[in-house]
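Peer 1: Residue numbers (my numbering): 83 to 393. Backbone N, C-alpha and C define an ideal beta-carbon position, used for all residues, glycine too.
1) Could you have a look at residue 201 and say whether DSSP puts it in helix, strand or coil?
2) Count the other CB atoms, across all protein chains shown, that sit within 10 Å of the CB of residue 373; report buried if there are 16 or more and exposed otherwise.
3) Just to confirm the assignment, what range does the alpha helix (DSSP H) spanning residue 379 have?
4) Alpha carbons only, please: which of 108, 160, 192 is nearest the one belonging to residue 380?
5) Just tell me which of 170, 148, 93, 201 has its CA closest to the CA of residue 104.
6) Considering only the beta carbon of each residue, do residue 307 and residue 283 sit closer than 8 Å?
7) Quick check on DSSP: helix, strand or coil for residue 153?
8) If we call anything under 8 Å between Cβ atoms a contact, is residue 155 one with residue 183?
9) Could you work out which residue in 364, 329, 277, 383 is closest to residue 390 when comparing CA atoms only?
10) When the distance is taken between beta carbons, is residue 98 closer than 8 Å to residue 152?
11) Quick check: what's the CA-CA separation for residue 120 versus residue 318?
12) Between the beta-carbon of residue 227 and the beta-carbon of residue 243, is there less than 8 Å?
13) Would you please state the rounded distance, in angstroms, between the beta carbons of residue 344 and residue 178? I believe it to be under 8 Å.
14) Could you tell me the alpha carbon to alpha carbon distance between residue 392 and residue 368, rounded to whole angstroms?
15) Is it buried or exposed for residue 331, if we count other Cβ within 10 angstroms and need 16 for buried?
16) Taking the alpha-carbon positions, what's the residue 145 to residue 189 distance?
17) May I have the straight-line CA-CA distance separating residue 202 from residue 148, to the nearest angstrom?
18) Using the C-alpha atoms, what's the distance from residue 240 back to residue 295?
19) At 4 residues or longer, and completely inside the segment 281 to 368: list those alpha helix (DSSP H) runs for me, N to C.
20) Kindly indicate which residue of 371, 360, 378 has the alpha-carbon position closest to the one of residue 187.
21) Buried or exposed for residue 382, please, with buried defined as at least 16 other CB atoms from any protein chain shown within 10 angstroms of its CB.
22) What do you get for residue 356, buried or exposed, if any count of 16 or more other CB atoms within 10 angstroms of its CB means buried?
23) Tell me residue 392's beta-bridge partners as DSSP assigns them.
24) Check whether the Cβ atoms of residue 235 and residue 212 sit closer than 8 Å, and answer yes or no.
25) Tell me the DSSP bridge mates of residue 264?
26) Can you have a look at residue 304 and say buried or exposed, based on whether 16 or more other CB atoms are within 10 angstroms of its CB?
27) With a threshold of 16 other CB atoms inside 10 Å of the CB of residue 335, please say whether the residue is buried or exposed.
28) To which residues of the same chain is residue 220 closer than 6 Å at the C-beta, ignoring the five residues directly before and after it?
29) Could you tell me the distance, in whole angstroms, from the CA atom of residue 300 to the CA atom of residue 87?
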């Protein structure tokens, strides 16, 4: 990854040209840069080199120009959402991938929301069918998706939430509303006797059998992160295993392939932010010129919440 001067994106009829102010860093950036695991290459992201020259998905900034079919935005509006190539001064986004930025949020905070908060919401609500009062376990509670999952499960869905994280993140996870916090370096959630109605695994490094042991007999497991399998499958081996096993057991095992949030979901997330139900947790911000450092920091695996680039 290197900094270069490129042409400003051409605005399509249904597109919005954004003067980028901040861009979120998420795992997909690393996967697309490295082409790992290999299956993403045959999914259209480039067999030998990345198909897209500019990285980045999460974006927040000002509208600079709009296509002739765009009706919801005008130049000067503050927006957030997703687009291809947000690690740049300018980026183009389809109108339906944007919403008005939460008024009281900074651009950095808004850029930390779209992909991670949507993944957490989709996993809990659509995949997990979360209900009030359920016992919910969030594994990887100190990460980008996990910090939102803890807050949503507690503040929005009124569940009893247990977060699993490392020693250095326990106080933070507790401050986000978790009723219980498990330090995985000291305790094993699968052997402490507690059982959960819903487990959201964002960390992706526990065997499927380990996760199922902590579920109630009719509980739901949602896997949204993955490690292992390295170059060929990455974390897909656990996801595929869960999907294959689910029809034959009483537990509901899910591994959704989450897409990008559209405007209605972004508006809901903005409302949650404005209401104080969720607050973006930002570990560090980097100038655009230091994007490679941000990626390296994420790769180390110790990020608390999100990393954000400022432009």
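Peer 2: So, to answer that:
1) helix
2) buried
3) 373 to 382
4) 108
5) 170
6) yes
7) coil
8) no
9) 364
10) Closer than 8 Å, so yes.
11) Because the pLDDT at residue 120 is just 47, under 50, the model does not fix this residue reliably, and the point stays unresolved.
12) no
13) 5 Å
14) 6 Å
15) By the Cβ neighbour-count rule, residue 331 is exposed, with fewer than 16 other Cβ atoms within 10 Å of its own.
16) 13 Å
17) 30 Å
18) 24 Å
19) Fully enclosed alpha helix (DSSP H) runs of 4 or longer: 290 to 295, 312 to 315, 318 to 327, 345 to 357.
20) 360
21) Exposed.
22) Label assigned to residue 356: exposed.
23) 104, 369, per the DSSP bridge assignment.
24) In this structure, residue 212 lies closer than 8 Å to residue 235 by Cβ.
25) 246
26) Counting Cβ neighbours within 10 Å, residue 304 comes out buried, since at least 16 surround it.
27) buried
28) 228, 231, 232, 245, 282
29) 55 Å
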